[in-house]
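What follows is a single structure, written as structure tokens, with notes after it.
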Amino acid sequence: VPGSSFNPSLPVCAQIWPVLSETLNKHSADNRIVERCCRCLRFAVRCVGKGSAALLQPLVTQMVNVYRAHQHSCFLYLGSILVDEYGMEEGCRQGLLDMLQALCIPTFQLLEQPNGLQNHPDTVDDLFRLAARFIQRSPVTLLRSQVMIPILQWAIAATTLDHRDANCSVMKFLRDLIHTGVANDHEEDFEMRKELISQVMNQLGQQLVNQLLHTCCFCLPPYTLPDVAEVLWEIMQIDRPTFCRWLENSLKGLPKETTGGAIQVTHKQLTDFHKQVTSAEECKQVCWALRDFTR
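Take 158 as the starting number for the sequence shown in this note's numbering and just add one per residue.
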């Protein structure tokens, strides 16, 4: 339906919302039922688009209330759909940020439990899909928020998670986050984005590079290396000299010997790898260097 026309599905959505709302309240502990309700709401939001704005406030309120009691990751996924649809609407941005911050509190508590990341890969997947949507639709809103640093700290921790979908979402979030400070797309907020990303990287850049290198060497299978290479490449585009220093520090921190005393990596291998990565002119060259180094 063209944007200027009346959408015939709008009254249908308005009629089914009370039923879905009551179902979510009544069966809030049942993951299967909640997931089906979220799927229905996802299709409704996609179908009606901007026309479902009137449902946004009650929907977000209910999502947050149910999620506080029962951490069904489908609410995070539904949140990413809402950000995708409304994130570029000036009047919706603060409400969506409030939603994200409210959803993050129980999510972080869940992930803080022993083996939280390993036990909840779906939550990791959906959390960073939601965060990536925010970076795509309204980067400055997220970058200025109090939740930005905690989200990035969890992303750094989650890079070690050997779960294909979850790790892919984490790496995509990291890549998109850093790229927003690199891509001069002639948007008027580019200089602000660049400055905000610079502040974030000054705070956590070294930690991120340390973790990515550790992850490649000790945690993840080879098929993930292209994703890691893309993140390292984006970091290098922001400030190559600073990245060179961070990478050198990270390499110095790697164990040079196994517990049995065998040599794991030679000084020449370290210096060759540093040179290959920092002189790379394309992302694929970073990936090749990682492949050779982690064999």
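All C-beta atoms in this analysis are idealised placements derived from N, C-alpha and C, irrespective of residue type, glycine included.
Mark residue i as exposed unless 16 or more other C-beta atoms lie within 10 angstroms of its C-beta, in which case mark it buried.
i           : result
residue 368 : buried
residue 438 : exposed
residue 313 : buried
residue 342 : exposed
residue 219 : buried
residue 169 : exposed
residue 234 : buried
residue 229 : buried
residue 232 : buried
residue 282 : buried
residue 406 : exposed
residue 189 : exposed
residue 175 : exposed
Of the residues the options, which one's Cα is nearest the Cα of residue i?
i           : options            : result
residue 293 : 319, 316, 350, 262 : 350
residue 315 : 405, 248, 284, 409 : 284
residue 224 : 168, 249, 256      : 256
residue 393 : 326, 374, 434      : 434
residue 363 : 279, 401, 345      : 401
residue 299 : 278, 324, 282, 253 : 253
residue 163 : 204, 180, 192, 193 : 204
residue 335 : 320, 319, 365, 281 : 365
residue 440 : 450, 383, 373, 451 : 383
residue 452 : 373, 409, 358      : 373
residue 212 : 191, 167, 399      : 167
residue 371 : 317, 296, 324, 287 : 317
Who are the near neighbours of residue i in its chain, counting only those whose CB is closer than 6 Å to its CB and skipping five residues on each side?
i           : result
residue 238 : 199, 202
residue 309 : 361
Give me, in chain order, the residues of the same chain whose beta-carbon lies closer than 7 Å to that of residue i; leave out the 5 immediate sequence neighbours on both sides.
i           : result
residue 290 : 237, 240, 241, 244
residue 422 : 411, 413
residue 331 : 312, 388
residue 424 : none
residue 277 : 267, 268
From what residue to what residue does the alpha helix (DSSP H) around residue i run?
i           : result
residue 286 : 278-294
residue 252 : 250-268
residue 272 : Per DSSP, residue 272 belongs to no alpha helix (DSSP H) and is neither H nor E.
residue 326 : 321-336
residue 200 : 188-205
residue 236 : 231-243
residue 398 : 397-410
residue 219 : 210-226
For residue i, collect the residues of the same chain with a Cβ closer than 8 Å to its Cβ; drop the 5 residues on either side in sequence, then sort them by chain order.
i           : result
residue 333 : 289, 292, 293
residue 207 : 160, 242, 243, 246
Compute the beta-carbon to beta-carbon distance between residue i and residue j, rounded to the nearest angstrom, for a pair I have assumed lies under 8 Å.
i           : j           : result
residue 395 : residue 355 : 7 Å
residue 397 : residue 353 : The Cβ separation is near 20 Å, so there is no contact.
residue 186 : residue 227 : 5 Å
residue 404 : residue 431 : 6 Å
residue 427 : residue 385 : Contact doesn't hold; Cβ gap of about 18 Å is too wide.
residue 391 : residue 339 : 6 Å
residue 319 : residue 376 : 6 Å
From the beta carbon of residue i, is the nearest beta carbon of chain D less than 8 Å away?
i           : result
residue 406 : In summary, chain D is missing from the structure at hand, where a single protein chain is found.
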